[in-house]
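**Student:** Numbering (the numbering used here), first residue to last: 146 to 490.
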Amino acid sequence: MHHSVRLLGIVLLLLPLLALAKREAPLEEGYVNPGQIEHPEWFKNSFLDLREDVAEAAEAGKRVMLYFYQDGCPYCKKLMEDNFHQQDIIETTRKNLDAIAINMWGDREVTALDGRQMTEKEFARQMRVQFTPTLLFLDEQGNEVLRINGYYPPHKFRVALDYVSGHHEKEGPYRAWLARVAPEPATGKLHVEPGFLKPPYRFQDILRFGKPLLVIFEQKQCKACDELHLDYFRRPETRALLDKFNVAVLDSWSDTPLITPDGRRMKAKDWANELDIKYTPSMVFFDKSGQEVFRTEGYLRPFHVQSALDYVASGAYREQPEFQRFIEGRADALREQGIEVDLWK
Numbered sequence: 146m147h148h149s150v151r152l153l154g155i156v157l158l159l160l161p162l163l164a165l166a167k168r169e170a171p172l173e174e175g176y177v178n179p180g181q182i183e184h185p186e187w188f189k190n191s192f193l194d195l196r197e198d199v200a201e202a203a204e205a206g207k208r209v210m211l212y213f214y215q216d217g218c219p220y221c222k223k224l225m226e227d228n229f230h231q232q233d234i235i236e237t238t239r240k241n242l243d244a245i246a247i248n249m250w251g252d253r254e255v256t257a258l259d260g261r262q263m264t265e266k267e268f269a270r271q272m273r274v275q276f277t278p279t280l281l282f283l284d285e286q287g288n289e290v291l292r293i294n295g296y297y298p299p300h301k302f303r304v305a306l307d308y309v310s311g312h313h314e315k316e317g318p319y320r321a322w323l324a325r326v327a328p329e330p331a332t333g334k335l336h337v338e339p340g341f342l343k344p345p346y347r348f349q350d351i352l353r354f355g356k357p358l359l360v361i362f363e364q365k366q367c368k369a370c371d372e373l374h375l376d377y378f379r380r381p382e383t384r385a386l387l388d389k390f391n392v393a394v395l396d397s398w399s400d401t402p403l404i405t406p407d408g409r410r411m412k413a414k415d416w417a418n419e420l421d422i423k424y425t426p427s428m429v430f431f432d433k434s435g436q437e438v439f440r441t442e443g444y445l446r447p448f449h450v451q452s453a454l455d456y457v458a459s460g461a462y463r464e465q466p467e468f469q470r471f472i473e474g475r476a477d478a479l480r481e482q483g484i485e486v487d488l489w490k
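1. Candidates Glu-382, His-374, Ala-413: which alpha carbon is nearest Tyr-346's?
2. Which runs of the alpha helix (DSSP H) spanning at least 4 residues fall entirely within the region 234-295, listed in chain order?
3. Determine the closest residue to Ala-418 out of Gly-217, Ala-321, Arg-470, Val-392, with distance taken between C-alpha atoms.
4. Measure how close the beta-carbons of Thr-237 and Gly-251 come, nearest whole angstrom, since I'm counting them as under 8 Å.
5. Please state whether DSSP places Arg-440 in a helix, a strand or coil.
6. Report the rounded CA-to-CA distance for Asn-248 versus Gln-232, giving the unit in angstroms.
7. Please classify Val-486 as buried or exposed, where buried requires at least 16 neighbouring CB atoms within 10 angstroms.
8. Tell me the DSSP secondary structure of Lys-207 in three-state form.
9. Helix, strand or coil for Arg-475 per DSSP?
10. Contact between the region 293-312 and the region 345-359 is defined here as three or more beta-carbon pairs at a separation below 8 Å; is this criterion met?
11. Quick check: the Cα distance between Glu-169 and Gly-217, rounded to an integer number of angstroms?
12. Just grab the DSSP bridge partners of Tyr-214 for me.
13. Between Glu-173 and the rest of its own chain, which residues show a CB-CB distance below 6 Å, the 5 nearest in sequence each way excluded?
14. Within the region 317-405, note down every full beta strand (DSSP E) run reaching 3 residues or more, in order along the chain.
15. Specify, as a first and last residue, the run of the alpha helix (DSSP H) that Val-450 falls within.
16. Does DSSP put Val-304 in a helix, in a strand, or in coil?
17. Is the beta carbon of His-449 closer than 9 Å to that of Ile-472?
18. Touch check for the region 191-198 and the region 219-229: three-plus C-beta pairs under 8 Å?
19. With distances taken between CB atoms, is the gap from Ile-394 to Gly-340 smaller than 9 Å?
20. For the beta strand (DSSP E) that Lys-412 lies in, which residues bound it at each end?
21. Would you mind stating whether Leu-281 and Arg-270 have Cβ atoms separated by less than 9 Å?
22. What are the start and end residues of the beta strand (DSSP E) that includes Val-486?
23. Applying the 10 Å Cβ sphere with the 16-neighbour rule, what's the burial state of Trp-398?
24. Quick check on this structure: which residue in Phe-276, Asp-259, Arg-253 has the alpha carbon closest to the alpha carbon of Glu-267?
25. Using a threshold of 9 Å, state whether the C-beta atoms of Glu-442 and Tyr-424 are closer than that.
26. State yes or no: is the C-beta of Phe-362 within less than 9 Å of the C-beta of Val-429?
27. Just mark Arg-470 as buried or exposed, buried being the case when its beta carbon has 16 or more other beta carbons within 10 Å.
28. Just tell me which of Ala-461, Glu-183, Ala-478, Phe-439 has its CA closest to the CA of Asn-294.
29. Is it buried or exposed, Arg-446, if we count other Cβ atoms within 10 angstroms and call 16 or more buried?
30. Taking Cβ to Cβ, would you say Leu-242 is nearer than 9 Å to Arg-208?
31. With DSSP as the reference, please indicate the residues paired to Met-428 in a beta bridge.
32. Output the boundary residues of the alpha helix (DSSP H) element that contains Leu-193.
33. Taking the alpha-carbon of Pro-185 as reference, which of Gly-287, Pro-406, Lys-240, Ala-244 has the nearest alpha-carbon?
34. Excluding sequence positions up to five away, which residues of its chain have a Cβ less than 7 Å from the Cβ of Ala-478?
35. So which of Glu-204, Gly-355, Glu-183 has the shortest CA-CA distance to Gln-215?
36. When DSSP labels each residue in this structure, what does Lys-423 get in the three-state scheme?
Dropping the structure here:
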């Protein structure tokens, strides 16, 4: 009898572990998920009262960097393991910024700059975080100096750090600063694929043809643009999704004349400035009425580029405002069809 009671007790103790094991079952082969990602020990252990964080940083002669992340994010892993393993990046960040991590699905309490209290996930939703990592750099008054939606490779990330820590926002917008100080090796040409729109760019008229509009802002010296066209856009899955759009590629620094979706005459560079294009390539999506409905503006691998295209082409953005939720559902649906999902290939 005592033996049975002891056995029953052991089973009851193990039940929570078995349940956890079920929830943490191995990912399907090919689905790269780095799981929980450790942040550097020098990140601030904040109580997430952002008013106090900004004040403490200012008193120490620093600014604040809010880092929105989620577990299982390969781009967050790359930021932590590539960028924050570079000694100069570590030193610049620690000297000039208080880095604070916020889980975009977390339940810790955040006190926003206006004094309102909410959970991390509510705060992320309020800040319209659609990509991880998202980085918000705040000045001494809590104003946003720079926002990075997505992953920047180290050479571009260094420029962002210099821009914020050097208070260079007083000299002009970030995209002009980036172009001036961070040239990169690239093919030196703009890629216009067969079937893409060609000048003259009358986007208001083009919307009448029924397809949504995708405008890709690029520049000639852009390694990520080369990768987008010479690799991602050559894949059959991507081509099938691109066919659902009218697509235009614009040099974000050019004087190319165009008519915007809302009917205004502008130069490409002026439209890029108005849209606050900070990263190339940036994919900006417009619905049939000419309203911007979504954009990507950070380094993405093919699965996420395809997911962005599908998000708009399918109309899912109307029902699911959180892009990360859409990605999860899309990945699950593809695996159910027997299609391998790898976030980094």
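Heads up, the beta-carbon is just placed ideally off N, CA and C, and yes, glycines get one too.
**Tutor:** Taking the coordinates as given:
1. Within the sequence shown, the letter at position 201 stands for residue 346. The option with the nearest alpha carbon to Tyr-346 is Ala-413.
2. 265-271
3. By one-based count along the sequence shown, residue 418 stands at place 273. Before going further, note that residue 418 is Asn rather than Ala in the sequence given. When only C-alpha atoms are compared, the closest one is Ala-321.
4. Position 92 of the sequence shown, counted from the first residue, corresponds to residue 237. Position 106 of the sequence shown, counted from the first residue, corresponds to residue 251. Actually they are not in contact, since the Cβ atoms of Thr-237 and Gly-251 sit about 27 Å apart, beyond 8 Å.
5. Residue 440 sits at position 295 when you count from the first residue of the sequence shown. Reduced to three states, the DSSP call for Arg-440 is strand.
6. On the sequence shown, residue 248 is found 103 positions in, with the first residue counted as 1. On the sequence shown, residue 232 is found 87 positions in, with the first residue counted as 1. Their Cα atoms are separated by approximately 25 Å.
7. Counting from 1 along the sequence shown, the entry for residue 486 is found at position 341. Flag for Val-486 reads buried.
8. Your numbering for residue 207 matches position 62 in the sequence shown. Of the three classes helix, strand and coil, the one that applies to Lys-207 here is coil, per DSSP.
9. Here the question's residue 475 lines up with position 330 in the sequence shown. Helix.
10. no
11. Working through the sequence shown from its first residue, we reach residue 169 at position 24. Working through the sequence shown from its first residue, we reach residue 217 at position 72. Unreliable placement is indicated for Glu-169, whose pLDDT of 30 sits below 50; the coordinate value is still reported in the next sentence. Approximately 12 Å between the Cα atoms of the pair.
12. By one-based count along the sequence shown, residue 214 stands at place 69. DSSP output for Tyr-214 lists Asn-248 as bridge partner(s).
13. The residue labelled residue 173 in the question sits at position 28 within the sequence shown. Unreliable positioning characterises Glu-173 in this predicted model, as indicated by a pLDDT of 32, which lies under 50. The coordinate reading is nonetheless provided below. So the list reads Arg-480, once near-sequence residues are dropped.
14. 358-363, 391-396, 402-404
15. Taking the sequence shown and counting its residues from 1, one reaches residue 450 at position 305. Taken as a continuous stretch (DSSP letters only), the alpha helix (DSSP H) holding Val-450 covers 447-458.
16. Within the sequence shown, residue 304 is the residue found at index 159, counting from 1. The answer is helix: DSSP assigns Val-304 an H, G or I state.
17. Within the sequence shown, residue 472 is the residue found at index 327, counting from 1. Within the sequence shown, residue 449 is the residue found at index 304, counting from 1. Cβ distance < 9 Å, so Ile-472 and His-449 count as in contact.
18. no
19. For the purposes of this step, residue 394 is taken as the residue at position 249 of the sequence shown. For the purposes of this step, residue 340 is taken as the residue at position 195 of the sequence shown. Looking at the sequence shown, residue 394 is not Ile but Val. Not in contact: Val-394 and Gly-340 (Cβ atoms no closer than 9 Å).
20. Translated into positions along the sequence shown, residue 412 becomes position 267. Note, Lys-412: beta strand (DSSP E), 410-412.
21. Counted from its first residue, the sequence shown places residue 281 at position 136. Counted from its first residue, the sequence shown places residue 270 at position 125. Not a contact, by the Cβ cut-off of 9 Å.
22. The count along the sequence shown starts at 1 and reaches residue 486 at position 341. Per DSSP, Val-486 belongs to no beta strand (DSSP E) and is neither H nor E.
23. Within the sequence shown, residue 398 is the residue found at index 253, counting from 1. Label assigned to Trp-398: buried.
24. Within the sequence shown, residue 267 is the residue found at index 122, counting from 1. Here the closest residue by C-alpha is Arg-253.
25. For this step, residue 442 is matched to residue 297 along the sequence shown. For this step, residue 424 is matched to residue 279 along the sequence shown. Cβ distance < 9 Å, so Glu-442 and Tyr-424 count as in contact.
26. Position 217 of the sequence shown, counted from the start, is the residue given in the question as residue 362. Position 284 of the sequence shown, counted from the start, is the residue given in the question as residue 429. In contact: Phe-362 and Val-429 (Cβ atoms closer than 9 Å).
27. Stepping through the sequence shown from its first residue, residue 470 is reached at position 325. Label assigned to Arg-470: exposed.
28. Here residue 294 refers to the residue found at position 149 of the sequence shown. The option with the nearest alpha carbon to Asn-294 is Phe-439.
29. Residue mapping note: residue 446 aligns to position 301 of the sequence shown, counting from 1. Result: buried.
30. Counting from one through the sequence shown, the residue named residue 242 turns up at place 97. Counting from one through the sequence shown, the residue named residue 208 turns up at place 63. A contact, by the Cβ cut-off of 9 Å.
31. Position 283 of the sequence shown holds residue 428. Bridge partners of Met-428: Ile-361, Thr-441.
32. For this step, residue 193 is matched to residue 48 along the sequence shown. Segment: none, Leu-193 is in no alpha helix (DSSP H) and carries neither H nor E.
33. By 1-based counting over the sequence shown, the position of residue 185 is 40. Nearest C-alpha to Pro-185: Ala-244.
34. If you number the sequence shown from 1, residue 478 lands on position 333. Closer than 7 Å at Cβ, skipping near neighbours: no residue.
35. Mapped onto the sequence shown, residue 215 falls at position 70. The shortest Cα separation from Gln-215 among Glu-204, Gly-355, Glu-183 belongs to Glu-183.
36. Position 278 of the sequence shown, counted from the first residue, corresponds to residue 423. Three-state DSSP puts Lys-423 in coil, outside helix and strand.
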